[in-house]
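At position 90 of the sequence shown the residue is numbered 90 (our numbering), and the sequence of numbers has no breaks.
No residue lacks a Cβ here, since even glycine has one placed at the ideal position from N, Cα and C.
If you're wondering where the values come from, they're calculated on a predicted model, not measured in any experiment.
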Amino acid sequence: IYLQAPVDTLLNRIAKRGINYEQHIDSTYLDRLSQGYARFFHDYDAAPLLIVNAAHVDLVNSDAAYQELLAQIERVKTGRHYFNPMPVSL
């Protein structure tokens, strides 16, 4: 399962979470990490893959969103799949 979100979204979530040691994570580092994951999963075919657009979904505080993701995971048996959940107000 590969959760994708823009770096700005990741930084906002890090700030909201408020974990002290995460507050100093640099946007350049996150951008490079995100690009690395994107390159890796672009050609990944060793196992079933679910790519989730996590930009506008709150999997932590929304049980409905979490349950929807679980349902998607259960459907993935082989190959590459994309899940683009409906945006919710964060």
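#1: Go ahead and label Arg17 buried or exposed: buried means 16 or more other beta carbons lie within 10 angstroms of its beta carbon, across all protein chains shown.
#2: What residues match up with Val52 in a beta bridge as DSSP calls it?
#3: Looking only at its own chain, which residues have a Cβ that is under 6 angstroms from the Cβ of Tyr100, when we skip the five neighbours before and after it?
#4: On the premise that Ile73 lies in contact with Leu59, defined as a C-beta separation below 8 angstroms, what is that separation, rounded to the nearest angstrom?
#5: Measure from the alpha carbon of Leu30 to the alpha carbon of each residue in Ala46, Arg13, His42 and Asp43, then state which is nearest.
Judging by the given coordinates:
#1: Along the sequence shown, read from residue 1 onward, the residue named residue 17 stands at position 17. Classified as exposed, Arg17 has fewer than 16 neighbouring CB atoms from the shown chains inside 10 Å of its CB.
#2: Numbered from 1 along the sequence shown, position 52 holds the residue referred to as residue 52. Note: Val52 sits in a beta bridge opposite Leu3 and Phe83.
#3: Nothing can be reported for residue 100: it is not among the residues displayed for the chain, which extend from 1 to 90.
#4: Translated into positions along the sequence shown, residue 59 becomes position 59. Translated into positions along the sequence shown, residue 73 becomes position 73. At roughly 12 angstroms, the Cβ-Cβ gap does not stay under 8 angstroms, so Leu59 and Ile73 are not in contact.
#5: Position 30 of the sequence shown, counting from 1, holds the residue named residue 30. If we check each option's Cα against that of Leu30, Arg13 comes out closest.
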